[in-house]
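S.K.:
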Amino acid sequence: MLAISRALVEQIVAHARADHPDEACGVIAGPAGSDDPQRFIPMLNAAMSPTFYEFDSTDLLRLYREMDDRDEEPVVIYHSHTATEAYPSRTDIAYASEPNAHYVLVSTRETGREPGPYELRSFRIVDGQVTEEEVRITDTAP
Numbered sequence: 007m008l009a010i011s012r013a014l015v016e017q018i019v020a021h022a023r024a025d026h027p028d029e030a031c032g033v034i035a036g037p038a039g040s041d042d043p044q045r046f047i048p049m050l051n052a053a054m055s056p057t058f059y060e061f062d063s064t065d066l067l068r069l070y071r072e073m074d075d076r077d078e079e080p081v082v083i084y085h086s087h088t089a090t091e092a093y094p095s096r097t098d099i100a101y102a103s104e105p106n107a108h109y110v111l112v113s114t115r116e117t118g119r120e121p122g123p124y125e126l127r128s129f130r131i132v133d134g135q136v137t138e139e140e141v142r143i144t145d146t147a148p
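Numbering (my numbering), first residue to last: 7 to 148.
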């Protein structure tokens, strides 16, 4: 189960809407070993694509060094789908390399950049196996 603050969910959704029609992507870091998402880190989709996301390798290396210095790890890795449901694609599954992370997908297919309903789901992806998990949104600040 992923427990995540409402404020972090709102930041994920806002990022997805801002980057629409391209996919948005980012990380939410937390203290190493805690499974507690705390620090929202929006990333640039280097692919700049409505159907694919890719972290910029230089930015990603910088982020991992920063997280290491802060004794953090990626608790959530998120991205958006702009025309399909919030479910990992074959490519998403193939590139999932953090077995302890929650992979959060948000779909903006219904509303695009506009306010309105969205679909947000979380998955564990380990060795190509996808398992959906419950998302519990809390009112506590990260």
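Ideal placement from N, C-alpha and C gives every residue a C-beta, glycine not left out.
1. In the DSSP assignment, what residue or residues form a beta bridge with Q135?
2. With a CB to CB cut of under 6 Å and the five nearest residues on each side skipped, what residues in its chain are close to V33?
3. Count the CB pairs spanning the region 125-137 and the region 86-106 that are closer than 8 Å, and state whether there are at least three.
4. Would you kindly report the start and end of the unbroken beta strand (DSSP E) that includes S63?
5. Enumerated in chain order, which unbroken segments of the alpha helix (DSSP H) with a length of 4 residues or greater are wholly contained in the region 79-111?
M.R.: Short version:
1. V132
2. I47, P80, I83
3. yes
4. Counting along the chain, S63 sits inside no beta strand (DSSP E); it lies in the alpha helix (DSSP H) bounded by residues 63-75.
5. 96-101
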